[in-house]
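*Asks:*
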Amino acid sequence: KPDTHTFKETLKMRRNYVGRSCKLHYEVSPLKIVRASRQYMYDDCGNEFLDCINNISHVGHCHPHVMGAGQEQMSKLTTSYGFLTDIQVEYAKRIVELLPEHLCVCYFLNSGSEANDLALRLARAYTKNHDIMVVENAYHGNTENLIKISPSRLKKHNLPKEDWVHIVPVPDTYRGKYREDSVSPGHLYAQEVKIAIHKAIDNGRSIAAFMSEPLMSLCGVVVPPPNFHRLAYRYVREAGGICIADEVQTGLGRCGETYWAFETQDIVPDIITLGKPLGNGHPMAVVVTSKEISDSLTEFSSTFGGNPVACAMGMAVLDVIKNEQLLSSAKSVGKCLIQGLEAILPNHRMMGNVRGMGMIVGLEIVEDKESRKPNSDAAEILVYKLKERYIMTSNEGPDKNVIIFLPPMCFTCDNARTAVQAVDTALSELEESASQANKDVDDSIQVPLSILTGQKHKLDSDDDDYDDESPSKRPLLLRKKRRVDFCKEEIIM
Ligand code: PMP
């Protein structure tokens with residue numbers, strides 16, 4: 001069936017009708033994805049992309065068991081909150097059975113942000129304290145409250161930190177305050193938490209909660225060193241606060257072997273928040289906590305939270321994880337990906353560090369191994385170069401220099417090898433062009449530009465880059481100038 005609109009029309013309508021602050025994934029040369037299956041996505045020209053970033057399609061895009069469960073339930077009943085439904089209580093029971101005994105009460109919501117927002121409310125209601133402690137560079141969601149506790153957003157939008165927010169250093173042993181050569185970086189980073197708590201108390205503040213991702217995803221795939229979380233949790237609890245694990249990205253087995261990232265950190269949170277992967281793309285989120293903490297909240301409602309369709313799909317996702325043994329697969333495929341990237345690490349001066357576990361892996365792009373200086377331009381160009389090779393990745397982290405891999409869990413070792421080979425070739429090209437460019441061009445903006453395009457474009461030319469008549473010729477890479485224009489100007493058709 002042909003698409004309703006041409007690429008150009010869709011792009012124009014998007015510019016006209018959708019908020020400009022909603023960013024497209026490949027801002028320079030966006031993709032129009034028309035269908036997806038398993039770990040592959042297909043654009044309007046029929047190109048197949050290996051999806052290394054869509055963690056919401058946890059068990060694979062359009063998994064028939066999940067789609068079938070959703071369709072069947074949709075044709076039977078969907079309703080807002082307030083009625084007894086078997087599917088909801090069965091789903092709650094199944095989630096709780098995957099968690100430590102005290103995490104036994106569920107709240108249903110529709111997004112990770114809603115879940116984290118409720119977690120803050122629960123923490124404040126239970127502890128009667130107000131302040132929240134978070135890790136530098138973290139992102140916890142898009143509501144007003146969550147932006148205030150997301151240091152990555154405070155930095156990005158140049159917003160002041162509120163007095164009730166306390167930020168501790170990110171326990172990053174590659175580029176953080178304490179590195180891999182420190183005797184016990186986990187203890188040192190935890191000590192920073194202790195110091196921040198004492199400082200807050202000295203200023204008459206009191207901590208309601210410490211919210212963190214047990215394995216930090218969008219801040220560049222940071223795997224905290226042993227003992228960081230264990231000690232941080234202890235200090236927070238000693239100060240009367242509770243500990244919230246944001247497992248919106250990492251939950252449901254992404255780290256491989258265990259269902260929850262907190263298990264890899266030898267900790268047990270008081271509240272856990274879940275989102276993205278639960279419905280395999282269908283919006284749903286869950287907060288799980290103890291009975292005592294739950295009982296501190298007198299009222300809560302969510303119109304769509306825990307609706308029968310979401311629960312049916314959530315239940316089907318749990319079935320697939322079990323039936324297709326996706327946890328052990330994530331563990332071994334993740335090893336394959338990490339080892340593959342590590343094997344090419346010595347060949348590339350721009351490859352700084354490879355880290356992660358299971359199906360959450362980060363590759364840090366630097367200027368050179370010695371300085372470890374983040375190379376954001378090279379990382380961005382690499383993402384486009386990988387796109388040219390039909391591999392979808394993304395560059396994240398505070399310096400946007402970490403290439404992240406968060407693929408659907410059905411990703412295979414073959415897929416991992418394909419991705420590694422593409423990274424190897426693209427990086428070789430990039431390093432080669434960078435050294436060439438450094439020789440001939442002085443202007444620092446021109447260096448990444450010439451690498452990005454692979455040739456020198458006339459910056460003032462006004463050729464039409466989006467040609468609907470010959471979509472196969474649509475450039476995957478556009479010049480940097482266009483990127484600036486893209487956000488500001490209407491496309492003229
Ligand atoms: N927590 C983390 C760690 C996230 O990465 C995100 C989304 N990227 C959220 C919370 C917010 O989830 P949502 O976008 O579903 O509201």
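This note's numbering applies: residue 1 is where the sequence shown begins, and numbers increase by one.
Virtual Cβ for every residue (Gly too), placed ideally from N, Cα, C.
Quantities reported herein were computed from a predicted structural model and do not represent experimental measurements.
Quick one, what's near the ligand PMP if you take every residue whose CB is closer than 7 Å to any heavy atom, in chain order?
*Replies:* 111, 112, 113, 114, 116, 139, 140, 141, 142, 213, 217, 218, 246, 248, 249, 275, 276 and 285
*Asks:* Check whether the Cβ atoms of residue 342 and residue 353 sit closer than 7 Å, and answer yes or no.
*Replies:* no
*Asks:* If you measure between the beta carbons of residue 33 and residue 312, is that distance less than 7 Å?
*Replies:* no
*Asks:* In the structure shown, what three-state DSSP assignment does residue 401 receive?
*Replies:* coil
*Asks:* Give me, in chain order, the residues of the same chain whose beta-carbon lies closer than 8 Å to that of residue 18; leave out the 5 immediate sequence neighbours on both sides.
*Replies:* none
*Asks:* Please name the residue or residues paired with residue 362 in a DSSP beta bridge.
*Replies:* 355 and 404
*Asks:* Mind checking which residues open and close the beta strand (DSSP E) that includes residue 166?
*Replies:* 165-168
*Asks:* Short of 6 Å in beta carbon distance, which residues of its chain neighbour residue 303, apart from the five on each side in sequence? Order them along the chain.
*Replies:* 80
*Asks:* According to DSSP, what are the bridge partners of residue 210?
*Replies:* 133 and 243
*Asks:* Rank 350, 387, 295 and 361 by C-alpha distance to the C-alpha of residue 220 and give the top, closest one.
*Replies:* 361
*Asks:* Leaving out five residues before and five after residue 319 in sequence, what residues of the same chain have Cβ atoms less than 7 Å from its Cβ?
*Replies:* 65
*Asks:* Quick one: which unbroken beta strand (DSSP E) runs of 3-plus residues sit fully inside the stretch 75-134? Chain order, please.
*Replies:* 105-109
*Asks:* Considering only DSSP beta bridges, list what residue 185 is partnered with.
*Replies:* As computed with DSSP, residue 185 is found in no beta bridge at all.
*Asks:* Skipping 5 residues on each side, what residues in its chain have a beta carbon closer than 7 Å to that of residue 266?
*Replies:* 230
*Asks:* Return the residue from the list 297, 204 and 150 that minimises the CA-CA distance to residue 398.
*Replies:* 150
*Asks:* Thinking just about the alpha-carbon of each residue, which of 413, 370 and 333 is nearest to the one in residue 351?
*Replies:* 370
*Asks:* Taking residue 278 and residue 288 to be in contact with their CB atoms under 8 Å, please state how far apart those CB atoms are, rounded to whole angstroms.
*Replies:* With a Cβ gap of about 11 Å, residue 278 and residue 288 do not count as contacting.
*Asks:* Residue 296 to residue 276, Cα distance in whole Å?
*Replies:* 27 Å
*Asks:* Return the CA-CA distance between residue 400 and residue 376, expressed in angstroms with no decimal places.
*Replies:* 5 Å
*Asks:* Would you tell me roughly how many angstroms separate the C-alpha atoms of residue 31 and residue 56, rounded to the nearest one?
*Replies:* 18 Å
*Asks:* Closer than 8 Å is the cut-off here; do at least three beta carbon pairs connect the stretch 193-200 with the stretch 174-183?
*Replies:* At 8 Å Cβ cutoff, the stretches do not touch.
*Asks:* Determine the closest residue to residue 529 out of 373, 205, 58 and 176, with distance taken between C-alpha atoms.
*Replies:* No statement about residue 529 is possible, as the shown extent of the chain runs from 1 to 493 and does not include it.
*Asks:* Under a three-way DSSP split, which group does residue 272 fall into?
*Replies:* strand
*Asks:* Looking at the structure shown, is residue 469 part of a helix, part of a strand, or coil, going by DSSP?
*Replies:* Residue confidence for residue 469 is low, a pLDDT of 43 falling below 50, so the modelled location carries little weight and cannot support an answer.
*Asks:* For the structure I just gave you, are there three or more beta carbon pairs, one from the stretch 99-110 and one from the stretch 330-338, closer than 8 Å?
*Replies:* no
*Asks:* Is residue 309 near residue 112, with beta carbons less than 7 Å apart?
*Replies:* no
*Asks:* Tell me which residues share the same chain as residue 35 and place their Cβ nearer than 6 Å to its Cβ, disregarding the 5 neighbours each side in the sequence.
*Replies:* 42
*Asks:* Can you grab the Cα-Cα spacing for the pair residue 187 / residue 228, in whole Å?
*Replies:* 6 Å
*Asks:* Residues in the same chain with beta-carbon distance under 7 Å from residue 222, minus the five sequence neighbours each way, listed in chain order, please.
*Replies:* 170, 171, 172 and 216
*Asks:* Helix, strand or coil for residue 7 per DSSP?
*Replies:* helix
*Asks:* Go ahead and label residue 445 buried or exposed: buried means 16 or more other beta carbons lie within 10 angstroms of its beta carbon, across all protein chains shown.
*Replies:* Here the model assigns residue 445 a pLDDT of 39, short of 50, so the residue's position is not dependable and the matter cannot be decided.
*Asks:* Would you grab the beta carbon distance between residue 244 and residue 273 for me? Rounded to a whole angstrom, and I think it's under 8 Å.
*Replies:* 7 Å
*Asks:* Of all the options 436, 430, 406 and 432, which has the alpha carbon lying nearest to the alpha carbon of residue 50?
*Replies:* 406
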